Amino acid sequence: MDKEERKIINQGQEDEMEIYGYNLSRWKLAIVSLGVICTGGFLLLLLYWMPEWRVKATCVRATIKDCEVVLLRTTDEFKIWFCAKIRFLSLENHPFSSPKSMSDKLSNGRAVCLIENPTEENRHEISKYSQTESQQIRYFTHHSIKYFWNDNIHNFDFLKGLDEGVSCTSIYEKHSAGLTKGMHAYRKLLYGINEIAVKVPSVFKLLIKEVLNPFYIFQLFSVILWSTDEYYYYALAIVVMSIVSIVSSLYSIRKQYVMLHDMVATHSTVRVSVCRVNEEIEEIFSTDLVPGDVMVIPLNGIIMPCDAVLINGTCIVNESMLTGESVPVTKTNLPNPSVDVKGKGDELYNPETHKRHTLFCGTTVIQTRFYTGELVKAIVVRTGFSTSKGQLVRSILYPKPTDFKLYRDAYLFLLCLVAVAGIGFIYTIVNSILNEVEVGIIIIESLDIITITVPPALPAAMTAGIVYAQRRLKKIGIFCISPQRINICGQLNLVCFDKTGTLTEDGLDLWGIQRVENTRFLLPEENVCNEMLVKSQFVACMATCHSLTKIEGVLSGDPLDLKMFEAIGWILEEATEEETALHNRIMPTVVRPPKQLLPESTPAGNQEMELFELPAIYEIGIVRQFPFSSALQRMSVVARVLGDKKMDAYMKGAPEVIASLCKPETVPVDFQKVLEDFTKQGFRVIALAHRKLESKLTWHKVQNISRDAIENNMDFMGLIVMQNKLKQETPAVLEDLHKANIRTVMVTGDNMLTAVSVARDCGMILPQDKVIIAEALPPKDGKVAKINWHYADSLTHCSHPSAIDSEDIPVKLVHDSLEDLQMTRYHFAMNGKSFSVILEHFQDLVPKLMLHGTVFARMAPDQKTQLIEALQNVDYFVGMCGDGANDCGALKRAHGGISLSELEASVASPFTSKTPSISCVPNLIREGRAALITSFCVFKFMALYSIIQYFSVTLLYSILSNLGDFQFLFIDLAIILVVVFTMSLNPAWKELVPQRPPSGLISGALLFSVLSQIIISIGFQSLGFFWVKQQPWYEVWHPESDACNTTRSLFWNSSHVDNETELDEHNIQNYENTTVFFISSFQYLIVAIAFSKGKPFRQPCYKNYFFVFSVIFLYAFILFIMLYPVAYVDQVLEIVCVPYQWRITMLIIVLVNAFVSVTVEESVDRWGKCCLSWALGCRKKIPKAKYMYLAQELLVDPEWPPKPQTTTEAKALVKENGSCQIITIT
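Residue numbers 10 to 1235, in the working numbering, belong to the letters of the sequence shown in order.
Right, here's the structure in full:
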């Protein structure tokens, strides 16, 4: 039964979950209700915190098909439980529910095709969802997505739009006509309102949610307990602290909700025009849009309220909201396979692969282009939370929990404290029973020991360091939307950098061009803007092959295109709306050279040219544009010179790709060598190609032709060489990271050799290091996948690749420290295609390549994310620094993602730097380390505070005494809170150091430090407690006791005679209490100083002026009231008078305690690790991190790194576990 009824929803996706069905059980409900009454409501709270227990306690298992409640559990490492109630969507009360009026075919829970005769089809389709004749569809909502029951797959599935399983052909044939009103109403019922609703919860709701946090419930329990014990002041102090904490928490949570709501609400409701089946245009609200609606994009632009695919016209869109790229993007209509020459009729539409034809929700359409009488139309494919913006908002509303060792260890530590509290609880009960104490007092005192051991101020203390770090980051221009990640950044040991705009300058400068004539390269030319070249095909290609557009009269577009266009000095003119309306076949964009570049008279000797000497008009119209695609690594245009009969096709892109699409005879023989020479110097190279099109290709045919039909059989024209300068600060920052043993990796969309060259220039790869290029080829023609290993030439140029000396192969050095392993002298470089093949066919090589992979070129956005995951799988703490353009996924996935873009896309990144420079990376790591060490200091201090106070109380309980109300108040407020909030103020150390802070609390040195301090504190407290009893003047204290032998004591005592009964009841005033109070008060300050670590991660303590001032003031105050008693203070703190000699003795105990504590802590710091490893024996410790363990293994692996010119093949049969063998090819 159990196995049968466990199903998976969202299989293979990030939010994959197991689903179980349950039905409500009345008898279980009755038992739980009784339990709630018996436990005074505590059981209800427990069930509120644990959804799994709640469902299992009140329900019985049922089949998922018939259940009333579903229980969901994530399949990731967190295994989080959720529960959801099954609801019903009724179709029978709607006017369109009769099968005749429903023309919607719903297949597998998604609308995929429209049909002419819907009657039978709809009956069949509806039956997939609704089991009853009453036509009710069962569904539940989880994280803003509706999951409907689907009879076909016998499981719940979320309703998809037209973004899955719909071919490009059917988008034109079945969806381009629009919906009837009946269909629209039916779909609206299923898909719901098109809005990304971020409801800002009411303050009351947020308050209830916050107050029902287990921590606040524990505080409430503590406050009630202290009130019954008449500890009103301390109870009041905790209440005030809690209120401040709750109010500030509510304020920040509500502020985030409001910000998100405002960000989403920009497009919430606008009026849009949609086309209906009978070609009428209806104006509706954007909230009424459903997948399948044909939306008219207005001339003056619109903020998109949904995801839609363009089927008519062209749009210029600002996508900065999603990508961080402020450059406007040109979107063209989806190619229609049925009209295309050589079209792929069966290609499925996908918003990612067809993103150049998809308008995404939240992006701004700046302007549209259209041809006479044709509207710019787009078909709605996704609405609401299913859109790209909706998914982004969902990821913010329901973030994945951050798994960090510190937090797991903190819970373990709390459990240890609870166990200690349990011992004290039992001891108190036994001791009180033996001393025949009243039952009421036994209950209060035994519960009190729990509230002492688990300090209520712990969470506030833990977040203080993070809040201060966030403030310091803000000062240096780094904004953080996920404060918990600051601590994690302290652990980063590898940082991935995007290249363009991150390591190098954003803009490219044109270095020169190298044209090809008669299949030979000419000499490089610097100046392109001259009369000789003005009418050449090369310049025509530079003038037309781009996606530039004029927005409000200013030329804008891709920076590379802009630089190229500016270099030739041409003029771009776009047709106005009036012109477009007048002419039927107007060319939307025209480019022409400035008049001064056109030869005024024809050069002598060229008689034919005289015919064209009339007005020298030379214009090129751009007829059709195939936008740049990062998957294809090229873009192309069809253009026509004014007066020419034939059209021209121009193409530009990655040289390797362009050369492969050209006629081989037009590509120079030394193409590869020339390209390598440029890329090795770090230049960005773009190739150009051209061909004349057949005269039969008319304007209309070109509008529907596929790009494959154009992009082939071209003539190679030459190279454009762009220079991408390194940012000034890049080499220094990378050197700092290397010194700190933080690995650096380059992830770029650029050419491999250019990337390797930049990596060498910026010091990521040192001059003497070898670069091994892994070229992986997928299985083809029955042959298995293989990797060819090439050794890229280092700076000393080799004449022939096989001439590499065997001595040149990197020597493996056995390092003393495992941390130095990343300094080994070889690096792997590969491109995105090879990376994908290796991930699929060579899984066992992936960890080895991650250990030394330094350059990843031509990486698509999703491959960047996969790389981050692969690095995390070998236990690296990965940082990612990008300019936000195509790094969103990687920035979110990394442990610490830093976006250098200030745009809204930084919503995807935990950190955003105001200055677009990588110098923010070491700053963030330094602050992260400081925050992490602060968290450790605070945690250790709070643990010691708990144990010291716990032991003080336990000692006093043995004589049926306790600390007084004001003594508790003084310790908890004056000492603990002041110390905790000031000890967190230490700023970060000035530079990054090679050692890293520990990642968890459960580490040998840390535990040894805490345990040694606990033993010292307990020892000195016990010494004082038992020694005072041995003093000659000691007696069991009573109001008439006169150990001081002073007249003042008579006055002091007489003032207390009235309270005698009260004093007897609590037995607070006695010599033991006074001794323990003074010694423990000093101990809190001693451990605060011992634990306040400075170098190498934080500035030294003495630079934290608030902390120094607070500690000195508290020391002076306690010393003063101990050596020179003040009657009023003694009266308030309920301290008794002890002889001056005993006060000096206490001072000596405290001084010895301080000396021992500080000495032991310093020793643990310096020699703790060595002593522990020696104590545990000299056995070789296996490193915890996988990458370190792997590095040890590879040191003795004779086959690694692969030798030059060898090939690794995947074993054909054992593909799934990715085994491979190495075959040497000579």
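All residues carry an ideal CB built from backbone N, CA and C; glycine is no exception. Computed from a predicted model, the values in this text were never measured in an experiment.
Item: Under the three-state reduction of DSSP, which class applies to K9: helix, strand or coil?; Value: Because residue 9 is not part of the residues shown, which for the chain are 10 to 1235, the question remains open.
Item: Do L1142 and F979 have their beta-carbon atoms positioned less than 8 angstroms apart in this structure?; Value: yes
Item: Rounded to the nearest angstrom, what separates N32 and V64 at their Cα positions?; Value: 9 angstroms
Item: Grab the span of the beta strand (DSSP E) containing F635 for me, first residue to last.; Value: I629 to S638
Item: Do I577 and V730 count as a contact pair if the criterion is CB distance below 8 angstroms?; Value: no
Item: Tell me the DSSP secondary structure of N164 in three-state form.; Value: strand
Item: Leaving out five residues before and five after T943 in sequence, what residues of the same chain have Cβ atoms less than 6 angstroms from its Cβ?; Value: G474 and S993
Item: According to the neighbour-count rule (16 or more other Cβ atoms, all chains shown, within 10 Å of its Cβ), is G21 buried or exposed?; Value: exposed
Item: Starting from Y835 and walking both ways along the beta strand (DSSP E), at which residues does that stretch end?; Value: Y835 to N840
Item: Give me the residue from S1008, P300 and V846 with the minimum Cα distance to I495.; Value: S1008
Item: Out of curiosity, what's the CA-to-CA distance linking A244 and I461?; Value: 13 angstroms
Item: Who pairs with K16 in a beta bridge, going by DSSP?; Value: I28
Item: If you run the structure through DSSP and keep just helix, strand and coil, what is H699?; Value: strand
Item: Tell whether a beta-carbon distance below 8 angstroms holds between L786 and V855.; Value: no
Item: Which one or two residues does DSSP pair with A648 in a beta bridge?; Value: I631 and D657
Item: Are the segment 182 to 194 and the segment 279 to 293 in contact at 8 angstroms, needing three or more beta carbon pairs?; Value: yes
Item: Which residue marks the beginning of the alpha helix (DSSP H) containing T688, and which one marks its end?; Value: F680 to K689
Item: Can you list, in chain order, the residues of its chain with a C-beta nearer than 6 angstroms to that of G862? Leave out the 5 residues immediately preceding and following it.; Value: F837
Item: What do you get for N882, buried or exposed, if any count of 16 or more other CB atoms within 10 angstroms of its CB means buried?; Value: exposed
Item: For L215, which residues in the same chain have their Cβ closer than 8 angstroms to its Cβ, ignoring the five residues on either side in sequence?; Value: L259, I262 and R263
Item: Whole angstroms is fine: what's the gap from N722's alpha carbon to H699's?; Value: 9 angstroms
Item: Is the Cβ-Cβ distance between F692 and W520 less than 8 angstroms?; Value: yes
Item: Measure the C-alpha to C-alpha separation of P1211 and D853 and round it to an integer number of angstroms.; Value: 14 angstroms
Item: Verify whether the separation of the beta carbon atoms of R391 and H152 is less than 8 angstroms.; Value: no
Item: For K16 and G486, which I take to be in contact (beta-carbon distance under 8 angstroms), what is that distance rounded to the nearest angstrom?; Value: No, K16 and G486 are not in contact; Cβ-Cβ is about 49 angstroms, not under 8 angstroms.
Item: Who are M1155's beta bridge partners in DSSP?; Value: DSSP lists no partner for M1155.
Item: Is E1071 helix, strand or coil when you go by DSSP?; Value: Caution applies to E1071, whose pLDDT of 43 falls short of 50 and renders its modelled position unreliable; the value that the coordinates give is listed next. Looking at E1071 - three-state DSSP - the assignment turns out to be helix.
Item: Would you report the Cα separation of I458 and G371, rounded to the nearest angstrom?; Value: 56 angstroms
Item: Would you call the segment 493 to 512 in contact with the segment 701 to 714, where contact means no fewer than 3 C-beta pairs closer than 8 angstroms?; Value: no
Item: Take the Cβ of A274 as the centre, count every other Cβ of all protein chains shown within 10 Å, and call the residue buried at 16 or more, exposed below.; Value: exposed
Item: Where does A866 fall in DSSP's three states?; Value: strand
Item: Can you say whether E77 is buried or exposed, counting buried as having 16 or more other CB atoms within 10 angstroms of its CB?; Value: exposed
Item: Using alpha carbons as the reference points, say which of I1157, K1104, V1159 and F1087 lies closest to I1130.; Value: F1087
Item: Could you tell me the boundaries of the beta strand (DSSP E) in which Y800 lies?; Value: K795 to A801
Item: By the 10 Å Cβ neighbour count, where 16 or more other Cβ atoms means buried, how is I667 classified, buried or exposed?; Value: buried
Item: What are the start and end residues of the beta strand (DSSP E) that includes M755?; Value: R752 to V756
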